[in-house]
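See structure below.
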Amino acid sequence: MGLASVAVLGTTLDADAALVLRKEVAIEVTDSGLLQERTKIRVRLESPSDLEAWSHYSVRLDSNRRLGSFEAATITANGRRRRVGRKSQDRVEHSGDATASSQYFHVVEFPGLGLDTVLEVAYEVEIEPYFPSSQMVLLGDDRISDLLVTITGGVRWRLDGPGEGLQVEDLPDGVRIRGRDLEAVDPPELAAGGAASEPVLRWSWDPDGSWQAVSDWYGRLLDGLPTGTPEVRRLAASLTSDARTPRQRLEALVEHLRRKVRYVAVEVGIGGYRPSAPREVLERKWGDCKDKGLLLIALLKEVGIEAYPALVLLDRSGRIEPAFPSPIQFNHLIVAVPETEVETDEDDPVGGGYLFIDPTQSRGTAGWLHPGVQDQDALVVTGEGGGLVRTPLRPEHENVELTADVEVSPDGDVAGRATIALRGTYGAHLLDQIESEPTQIAGEEVMAIFKGLLPGARLEDVSWGERSGRVPAVLMSTTLEVDGLVQGTAARASFRLPGLRSAPQPRLLDEVDSAIAYGARVRQAKWRLRFPRGWCLPATDQVRIANAAGGFLQTVKTDGSGALLIERHGEVSRRWFENDRLDALRELSVAEHRAFQRRIRLECGD
Numbered sequence: 389m390g391l392a393s394v395a396v397l398g399t400t401l402d403a404d405a406a407l408v409l410r411k412e413v414a415i416e417v418t419d420s421g422l423l424q425e426r427t428k429i430r431v432r433l434e435s436p437s438d439l440e441a442w443s444h445y446s447v448r449l450d451s452n453r454r455l456g457s458f459e460a461a462t463i464t465a466n467g468r469r470r471r472v473g474r475k476s477q478d479r480v481e482h483s484g485d486a487t488a489s490s491q492y493f494h495v496v497e498f499p500g501l502g503l504d505t506v507l508e509v510a511y512e513v514e515i516e517p518y519f520p521s522s523q524m525v526l527l528g529d530d531r532i533s534d535l536l537v538t539i540t541g542g543v544r545w546r547l548d549g550p551g552e553g554l555q556v557e558d559l560p561d562g563v564r565i566r567g568r569d570l571e572a573v574d575p576p577e578l579a580a581g582g583a584a585s586e587p588v589l590r591w592s593w594d595p596d597g598s599w600q601a602v603s604d605w606y607g608r609l610l611d612g613l614p615t616g617t618p619e620v621r622r623l624a625a626s627l628t629s630d631a632r633t634p635r636q637r638l639e640a641l642v643e644h645l646r647r648k649v650r651y652v653a654v655e656v657g658i659g660g661y662r663p664s665a666p667r668e669v670l671e672r673k674w675g676d677c678k679d680k681g682l683l684l685i686a687l688l689k690e691v692g693i694e695a696y697p698a699l700v701l702l703d704r705s706g707r708i709e710p711a712f713p714s715p716i717q718f719n720h721l722i723v724a725v726p727e728t729e730v731e732t733d734e735d736d737p738v739g740g741g742y743l744f745i746d747p748t749q750s751r752g753t754a755g756w757l758h759p760g761v762q763d764q765d766a767l768v769v770t771g772e773g774g775g776l777v778r779t780p781l782r783p784e785h786e787n788v789e790l791t792a793d794v795e796v797s798p799d800g801d802v803a804g805r806a807t808i809a810l811r812g813t814y815g816a817h818l819l820d821q822i823e824s825e826p827t828q829i830a831g832e833e834v835m836a837i838f839k840g841l842l843p844g845a846r847l848e849d850v851s852w853g854e855r856s857g858r859v860p861a862v863l864m865s866t867t868l869e870v871d872g873l874v875q876g877t878a879a880r881a882s883f884r885l886p887g888l889r890s891a892p893q894p895r896l897l898d899e900v901d902s903a904i905a906y907g908a909r910v911r912q913a914k915w916r917l918r919f920p921r922g923w924c925l926p927a928t929d930q931v932r933i934a935n936a937a938g939g940f941l942q943t944v945k946t947d948g949s950g951a952l953l954i955e956r957h958g959e960v961s962r963r964w965f966e967n968d969r970l971d972a973l974r975e976l977s978v979a980e981h982r983a984f985q986r987r988i989r990l991e992c993g994d
């Protein structure tokens with residue numbers, strides 16, 4: 389999202405599951421603060437998929453990562469060694485998420501590969517870090533027979549995540565990690581990301597080693613950037629001329645940035661961390677998360693509202709490690725406005741005394757925060773002592789609601805109308821698609837959503853439109869017909885309604901024994917079924933569960949007109965579930981699943 393990404397190993401391993409015979413990484417922190425990285429790797433190709441996956445090897449470089457020596461070779465199954473020359477090596481420009489980037493790759497191509505071929509790569513990289521800390525993921529998609537990682541130079545270190553098969557040796561000036569016969573990382577479907585599922589080695593040579601030091605470092609990057617320029621003052625005044633309250637001024641400025649300043653990712657040198665001056669962003673009408681964040685802070689200051697940059701990890705399944713202060717754990721910047729500066733309500737994304745705003749969001753008001761940065765530890769850089777603040781969690785803003793009003797025929801067929809309201813991330817994503825695509829394609833996508841939630845239904849007359857409000861929302865409507873939904877006769881019948889699940893399927897949790905990540909959310913369904921005269925409707929019934937994971941409620945009852953009302957409300961109220969919370973999620977998942985599987989029965993008494 390515009391903050392510089394740091395991967396110390398600096399390699400792109402486009403690999404499937406080959407066998408890494410030997411991997412050595414040695415990193416030394418020099419007296420001048422540079423990192424000298426030496427990497428050696430030997431890989432044996434054992435399957436046809438390996439031949440394509442390992443046809444090339446890439447080393448990530450940029451203006452602060454300079455390649456020294458580089459050697460590559462192949463060894464055939466009969467033992468013939470062949471050095472890969474310069475003609476098979478090339479420089480490839482960065483093609484990742486950042487539109488503007490100083491990153492590039494040194495790529496070596498391995499021609500004529502065969503099974504049992506061994507690849508050898510050895511190279512050196514000199515790194516000039518922006519901050520005195522770094523990290524690396526020790527295991528990946530490939531098996532490793534022999535691993536050796538050494539970090540030296542007076543560093544403090546920390547190993548997080550699963551460490552099975554790793555032997556750790558504390559050196560006088562660093563750490564050495566060995567491993568033998570290590571399996572590839574293969575986390576379950578819902579596994580939490582980062583160190584929750586893979587071993588991560590972090591190290592630092594920062595003498596302070598505190599979040600205050602990280603905050604001061606980032607504050608120094610902002611020093612000298614002109615913010616209160618005439619252009620900024622004029623825009624702030626014109627956008628808030630009709631606003632009467634601080635909250636109205638805030639909303640007017642946020643709306644302008646979301647609609648008029650395009651988001652473009654930028655990772656050019658230190659520009660991966662330091663934003664552009666607000667005046668420059670206004671002139672070009674685009675910027676990355678840092679640029680848009682600092683511009684909003686500058687505009688707010690002109691209208692009397694104090695605000696601060698907040699570094700955060702944008703990740704649905706990963707989290708930072710609070711015990712090891714370092715800016716490289718973050719990849720995004722949002723804005724923190726003290727509660728005392730503007731009016732807030734209980735539905736606002738407020739945490740730790742701050743209203744958190746993400747100017748890169750294209751929709752919604754300041755009262756909606758993207759779930760990817762919710763419930764994360766954010767570093768609020770105040771200039772007078774920064775610290776970690778947990779962003780809030782608002783599952784009610786991520787809501788999908790199905791409403792159906794249908795009539796049941798004597799044969800058990802149903803016909804009527806259904807609406808679906810998508811709120812939050814799903815709503816914003818669909819609205820972006822609808823705006824950028826022809827009407828016919830947009831209609832096909834809306835139809836696909838209905839078919840996914842109403843399998844087997846015949847749908848016609850589909851319509852959709854944006855619903856204004858705090859949270860991005862799209863409301864879709866269609867007519868539907870379902871043959872044989874209700875089975876039986878007027879005296880004795882039953883049916884099962886399609887499910888709109890909030891919790892994961894129980895099968896996904898059966899063998900989970902580690903932390904998982906699952907988005908906090910609300911799912912609702914309201915069915916109104918009108919039966920022919922003389923049919924017997926069931927008595928009022930209710931299924932309810934509430935625990936540490938969330939809750940589920942299903943109510944079956946009749947309304948005043950004699951129609952049958954079935955309402956479901958499911959909520960997952962957490963993002964991460966550590967081992968001590970998994971049982972609660974399983975209980976919620978099973979209760980919801982059983983309610984969806986159970987048939988609603990209509991029976992007449994004597």
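So the mapping is simple: the working numbering equals the position in the sequence shown, first residue as 1, plus 388.
Ideal placement from N, C-alpha and C gives every residue a C-beta, glycine not left out.
Asked, Found
"Secondary structure of A625, DSSP reduced to three states", "helix"
"Collapsed DSSP secondary structure at W599 in the structure displayed", "helix"
"Test item: CB-CB of V859 and H785 under 7 angstroms", "yes"
"Neighbour-count burial assignment, D561, 16 or more Cβ in a 10 Å radius", "exposed"
"Unbroken stretches of the beta strand (DSSP E), 3 residues or longer, contained in the region 526-584", "531-540, 544-548, 554-559, 562-570"
"Euclidean distance between Cα positions of T779 and D765", "6 angstroms"
"Whole-angstrom distance between E577 and R707, CA atom to CA atom", "17 angstroms"
"Contacts around G567, its chain only, beta-carbon distance under 6 angstroms, and the 5 residues preceding and following it disregarded", "L535, G553, L554"
"Beta-carbon gap between W593 and G542 smaller than 7 angstroms", "yes"
"Top-ranked residue by Cα proximity to L790, from I716, R889, A816, S714", "R889"
"For V563 and D402, the rounded distance between their alpha carbons", "Since pLDDT at D402 reaches only 39, below the 50 mark, its modelled position is unreliable, and no value is offered."
"Collapsed DSSP secondary structure at A486 in the structure displayed", "Any reading at A486 is ruled out, since the residue's pLDDT is 46, under 50, leaving its predicted position unreliable."
"For H817, the residue or residues it bridges with in DSSP", "H817 pairs with nothing; no bridge assigned."
"Pairwise C-alpha distance: A937 and A881", "35 angstroms"
"Extent of the continuous alpha helix (DSSP H) to which Q828 belongs", "827-841"
"Limits of the beta strand (DSSP E) - the one that L699 falls within", "696-700"
"Candidates F498, K475, E459: closest to L433 by CA position", "F498"
"Chain-order list of residues whose beta-carbon lies under 6 angstroms from that of H444 (same chain, five-residue window excluded)", "V495, E497"
"Three-state secondary structure (DSSP) of T807", "strand"
"Residue range of the beta strand (DSSP E) that includes E512", "506-515"
"Check whether L863 and G853 have beta carbons under 7 angstroms apart", "yes"
"Residue burial classification, V480 (beta-carbon count within 10 angstroms, cutoff 16)", "exposed"
"Cα-Cα separation, I954 to E869", "18 angstroms"
"C-beta contact flag for L842 and P886 at 7 angstroms", "yes"
"Cut-off 6 angstroms between Cβ atoms - residues of its own chain near E508, not counting five sequence neighbours on either side", "R430, A461"
"Nearest-angstrom Cα separation, counted from E690 out to A625", "8 angstroms"
"Opposing strand residues paired with S882 [DSSP bridges]", "Q875, R989"
"Environment of R622 [buried if 16+ CB atoms lie within 10 Å]", "exposed"
"C-beta atoms of E619 and R662 nearer than 7 angstroms", "no"
"Integer Cβ distance of S705 from A580, believed to fall under 8 angstroms", "5 angstroms"
"Beta-carbon proximity check, E512 vs R454, cutoff 7 angstroms", "no"
"Supposed close pair F374, R987 - CB separation, criterion 8 angstroms", "Outside the shown range of the chain, which is 389 to 994, sits residue 374, and nothing can be said about it."
"Cα-Cα separation, G752 to E459", "52 angstroms"
"4-residue-minimum alpha helix (DSSP H) runs that sit fully inside the region 913-991, ordered along the chain", "967-985"
"Closest by C-alpha distance to G502, when choosing among R468, I515, A653", "R468"
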